[in-house]
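One structure is given below, encoded as structure tokens.
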Amino acid sequence: MTEQRRTALKALQKLDLRIQDARKRIGEFDPLFEEVEEPALILETELTSSRTRLKEMKLEQRRLELSTDEKQERQKRLEERLSSVRNLREEAAVSAELEMVKRALQNDEQEAYTLMDQIRKVEERLAEVGAAFEEATALVEPKKEELLNQRAGVQSELESLGKERETFVGSMAAEELRIYEAIRAGGRRTAVAELTEDGACSNCFGVVPLQLQNEVRHGDALIRCEACGVILAAPEPESAREVEREVEREVEAAPVTEASGPSADGEGDAVADEEDEEHAGAAAVRDDEAEGTLDGE
Ligand SMILES: [Zn+2]
-15 MTEQRRTALK
-5 ALQKLDLRIQ
5 DARKRIGEFD
15 PLFEEVEEPA
25 LILETELTSS
35 RTRLKEMKLE
45 QRRLELSTDE
55 KQERQKRLEE
65 RLSSVRNLRE
75 EAAVSAELEM
85 VKRALQNDEQ
95 EAYTLMDQIR
105 KVEERLAEVG
115 AAFEEATALV
125 EPKKEELLNQ
135 RAGVQSELES
145 LGKERETFVG
155 SMAAEELRIY
165 EAIRAGGRRT
175 AVAELTEDGA
185 CSNCFGVVPL
195 QLQNEVRHGD
205 ALIRCEACGV
215 ILAAPEPESA
225 REVEREVERE
235 VEAAPVTEAS
245 GPSADGEGDA
255 VADEEDEEHA
265 GAAAVRDDEA
275 EGTLDGE
């Protein structure tokens, strides 16, 4: 019977599905790690670009300072020249140039103010982002640690499943195992499937020819579904068991209604098994009979 039901193969398949599931769960940790690191990474990117911008602005500030120094030097020279001009024409020319330098200096001054304002803003933002980055980084490690622990848990589960499988496989029929492994090698989840009640393959639901159905149910040979290739197993007598269970449930449920008037049964034999009054009644009768025979002897 065990042979037709392919019990070992089905157990192995269950084990393999659990292994597959554990592997999948391990893979699912990768995006979680990314998720944990993402906020800090975004802040880090902003920090880097803000720092670059600040550096550029400071260079610009330095360039502006040098240019202003140069212009002030020029203004000083022009003012000196203005005091020693020899004629009106020369005075007009120097004055004009001096005016131009003064205007350029005013522009520089305006530009320097704007730049200082911008630098102040970027520095403020940098301080903010820097603090947020540190906060985010501090959160990353414990979260990562937690994920690592969880993943290690699944990994050790996978390891013990692997060991369980190894032991299990060692006790299996080699040929069954070889065919099973070959089917699963193609990356299929199902390698062994039961026949349905109406004689179809429960994997692809293709109808299995009667002759093969009989071999699956009664023969020793390993039969594969002609349509999808899985190994066919005779169904567990699930329906029969279900009927048994229903009967049991009915028997258990019965005393609840009958229990309302137990005194009606007569107070005589109080030994009655309350869970099953019918049987208890029968037992009581047998006891009486037994006593009777004993008495007779
Ligand atoms: Zn099939």
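Position 39 (the sequence shown) corresponds to 23 in our numbering; numbering is contiguous. Glycine residues also receive a C-beta, built at the ideal position from the N, C-alpha and C atoms.
Asked, Found
"Shell residues, 6 Å Cβ cut-off relative to heavy atoms of ligand 1", "Cys185, Asn187, Cys188, Gly190, Cys209, Ala211, Cys212, Val214"
"Burial state of Phe189 (16 or more Cβ within 10 Å)", "exposed"
"Sub-8 Å separation of Val176 and Gly183 beta-carbons", "no"
"Cβ separation of Asp92 and Leu48, assumed to be a contact under 8 Å, to the nearest whole Å", "6 Å"
"Check: Gly137 C-beta below 7 Å from any heavy atom of ligand 3", "Because ligand 3 does not appear in the structure shown, any question about it cannot be addressed here, the ligands present being ligand 1."
"Under the three-state DSSP convention, the category Ile3 falls into", "helix"
"Where the beta strand (DSSP E) containing Val176 begins and where it ends", "176 to 178"
"Proximity to Pro219 [Cα-Cα], best of Arg208, Arg201, Gly213", "Arg201"
"Cβ-Cβ distance between Leu89 and Lys55 below 8 Å", "yes"
"Buried or exposed (CB count within 10 angstroms, at least 16 for buried), Ala217", "buried"
"Given Arg58 as reference, the closest of Val85, Arg73, Glu148 once Cα atoms are compared", "Val85"
"Neighbour-count burial assignment, Glu178, 16 or more Cβ in a 10 Å radius", "buried"
"Those runs of the alpha helix (DSSP H) which lie wholly inside the stretch 110 to 193 and span at least 4 residues", "158 to 169"
"Cutoff 8 Å; reference Leu1; Cβ partners in own chain excluding five residues on either side", "Arg173"
"Which listed residue (Met100, Cys185, Ser155) has its alpha carbon closest to that of Leu38", "Met100"
"Phe13 versus Val138, Gly203, Leu196, residue with shortest Cα-Cα distance", "Val138"
"Separation of Pro15 from Gln4, as counted between CA atoms", "19 Å"
"Three CB pairs or more closer than 8 Å across the stretch 22 to 35 and the stretch 114 to 126", "yes"
"Straight-line Cα distance separating Glu21 from Glu141", "26 Å"
"Option in Ser51, Glu18, Leu194, Lys8 with minimal Cα separation from Lys128", "Glu18"
"Per-residue burial, Ala224 [other beta carbons within 10 Å of its own, 16 or more giving buried]", "Annotation note: pLDDT 49 at Ala224 (below 50); position unreliable, coordinate value reported separately. When all chains shown are included, Ala224 counts as exposed."
"Cut-off 8 Å between Cβ atoms - residues of its own chain near Lys42, not counting five sequence neighbours on either side", "Ile103"
"Beta-carbon separation (whole angstroms), Leu145 vs Leu(-1), contact threshold 8 Å", "7 Å"
"CA-to-CA distance, Ala120 to Lys147, given in whole angstroms", "40 Å"
"Assumed close pair Met156, Ala24 - CB separation to whole angstroms, cut-off 8 Å", "Contact doesn't hold; Cβ gap of about 50 Å is too wide."
"Segment limits, beta strand (DSSP E) that includes Ile215", "215 to 217"
"Burial state of Gln(-12) (16 or more Cβ within 10 Å)", "buried"
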